[in-house]
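Visitor: Structure below; questions to follow.
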Amino acid sequence: MTVPVLTFFNNKGGVGKTSLVYHLAWMLSETGQRVLACDLDPQANLSAAFLDEDRLDTLWNDHAGRAGRTVFQCVQPLLEVGDLTAPALQEITGSLGLIPGDLALSGFEDTLSGVWPDALSTSNRYRPFRILTAFWTVMQEGARLMDASVIVADVGPNLGAINRSALIATDHVIVPLGADLFSLQGLRNLGPTLRRWREEWRRRRENWPEPSFDLPGGRMEPLGYIVQQHGVRLSRPVKAYDRWVNRMPEEYARNLLGGDRRLFPPSPAEDPHCLATVRRYRSLVPMAQECRKPIFELTPADGAIGSHAAAVRDARRDFRELAARIMNAATAD
Ligand SMILES: Nc1ncnc2c1ncn2[C@@H]1O[C@H](COP(=O)(O)OP(=O)(O)O)[C@@H](O)[C@H]1O
Ligand SMILES: [Mg+2]
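Residues in the sequence shown are numbered from 1017 upward in steps of one, following the working numbering.
Right under this line is the structure:
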């Protein structure tokens, strides 16, 4: 049995992706799931949301051998002649674990690019496949260690070899979208790229019909999109916001779902592929970052009083609903 991997991905940065993964990891873990969060973005913002700087400093500067305390430390032996190291998970709560990211992970990019063609060769397939599936193997091993029911992964916004490996390891893709040209343009790159990666991975798997270890399916199924309000410039008129947002159903369907579609819902509110609209939380965001907890866990002692307290309750309700929707969609088949 493998544990499903949900990856939040868009070829556009700053759309609130990491913040979304952080909040959903918490909410899923509070609503009956056992969650393993994995930070596959070399910028490591998700890790910084979960862990304070002293803790990260200790993890990143652990040179005492192959400790497996970050995702890079797990894959690092592959850069030489070694094999993967099992992850040493960070326990956030009893039902929420983290495989921390690492700025050093960018050093794995060239290795991943280099072995991509080798997986189509007819000899010595063990090593290229071991490297290309390293993220999946490490995440599955982490899930086994904490008996996780779901894995959520955060990735950077580019279409490079690290993200290709992250996506090969992915069952379901969730696409956060900002209400702007750049997010929609990102979709036009994302759709064809996912199709190509899926197909190229299929060919590689077929090239190794009797693998020596388990391989991921490379399903990368688009589960839906999430509209992020916060990236919108406050000075922009509502009309401009509506204009971009209402193009999302068509752009998402055309680029991510393919096929011959002609009719599209006029707005995300009527689109079954829209999983949610996440509000702009303004001052709750720095408050939550300061306390190193999700917005919906803020208390009056943290400063969430009056209208803030109401916003906290709304956030709890919205994220609970989103978490349930995502799990329903992910387990629908
Ligand atoms: N719903 C939200 N309301 C207000 N600010 C947000 C919200 N989501 C994210 N942010 C802020 O926007 C910035 C970018 O978010 P982040 O999650 O790092 O995006 P990405 O991972 O897509 O680059 C961060 O400073 C974050 O705190
Ligand atoms: Mg991010």
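Here a beta-carbon is modelled for each residue, glycine too, at the ideal position from N, C-alpha and C. The model shown is predicted, which means the values in this text are computed figures rather than measured ones.
1. Going by Cα to Cα distance, which pick from E1215, D1099, S1122, N1223 is closest to S1137?
2. Quick one: which unbroken beta strand (DSSP E) runs of 3-plus residues sit fully inside the stretch 1097-1172? Chain order, please.
3. How would you write the range of the beta strand (DSSP E) that Y1241 sits in, first residue to last?
4. If you check the beta carbons only, do L1052 and I1108 fall under 8 Å apart?
5. Looking only at C-alpha atoms, which of Y1241, R1298, M1162 sits nearest to H1324?
6. D1055 lies in the beta strand (DSSP E); which residues open and close that run?
7. Using 8 Å as the threshold, is the C-beta distance between Q1106 and L1044 below it?
8. Hey, out of A1269, N1262, L1300, whose CA is closest to P1282's CA?
9. Please report the residue range of the alpha helix (DSSP H) in which V1328 lies.
10. Cα separation between V1166 and V1019?
11. Go through its chain and collect everything with a Cβ distance to F1024's Cβ below 7 Å, but skip five positions before and after it.
12. CB of D1170 to nearest heavy atom of ligand 2: below 7 Å?
13. For the beta strand (DSSP E) that V1021 lies in, which residues bound it at each end?
14. How about F1335 and L1112: are their beta carbons less than 8 Å apart?
15. State yes or no: is the C-beta of D1118 within less than 8 Å of the C-beta of W1152?
16. Going by the CB atoms, is the gap between L1197 and W1260 shorter than 8 Å?
Guide: Let me spell this out:
1. That would be N1223, whose Cα lies nearest to the Cα of S1137.
2. 1106-1109, 1112-1115, 1166-1170
3. Note, Y1241: beta strand (DSSP E), 1237-1244.
4. no
5. R1298
6. 1051-1055
7. no
8. Checked all of A1269, N1262, L1300; the closest Cα to P1282 is N1262.
9. 1323-1346
10. Each residue's Cα considered, the two are about 6 Å apart.
11. K1033, L1036, V1037, D1170, I1190, P1192
12. Answer for D1170: yes, Cβ within range of ligand 2.
13. 1021-1024
14. no
15. no
16. yes
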